[in-house]
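Numbering (the numbering used here), first residue to last: 7 to 49.
Shown next as C-alpha cells:
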C-alpha cells in the first residue's frame, strides 16, 4: 500500500507541475502575442 500511495503522490506532483508549466506557457504565449499585436498596431 505504501508504494502505491507514494506512486500516486509522485503522479499528482507531476500533473501539478505540468499544469504550472501549461499556465506559464499560456502566459508567455499571451505576452508574446500581445507584444506582437501592439508592435503591429503602432505605426
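We put the beta carbon where it would ideally sit given N, CA and C, even for glycine.
A quick note: this is a predicted structure, and the numbers were derived from the prediction, not measured.
- By the criterion of a C-beta distance shorter than 7 Å, residue 31 is surrounded by no residue of its chain, once the five residues flanking it on both sides are discounted.
- The alpha-carbon of residue 46 is positioned some 55 Å away from that of residue 9.
- Under the three-state reduction of DSSP output, residue 48 falls in the coil class, being neither helix nor strand.
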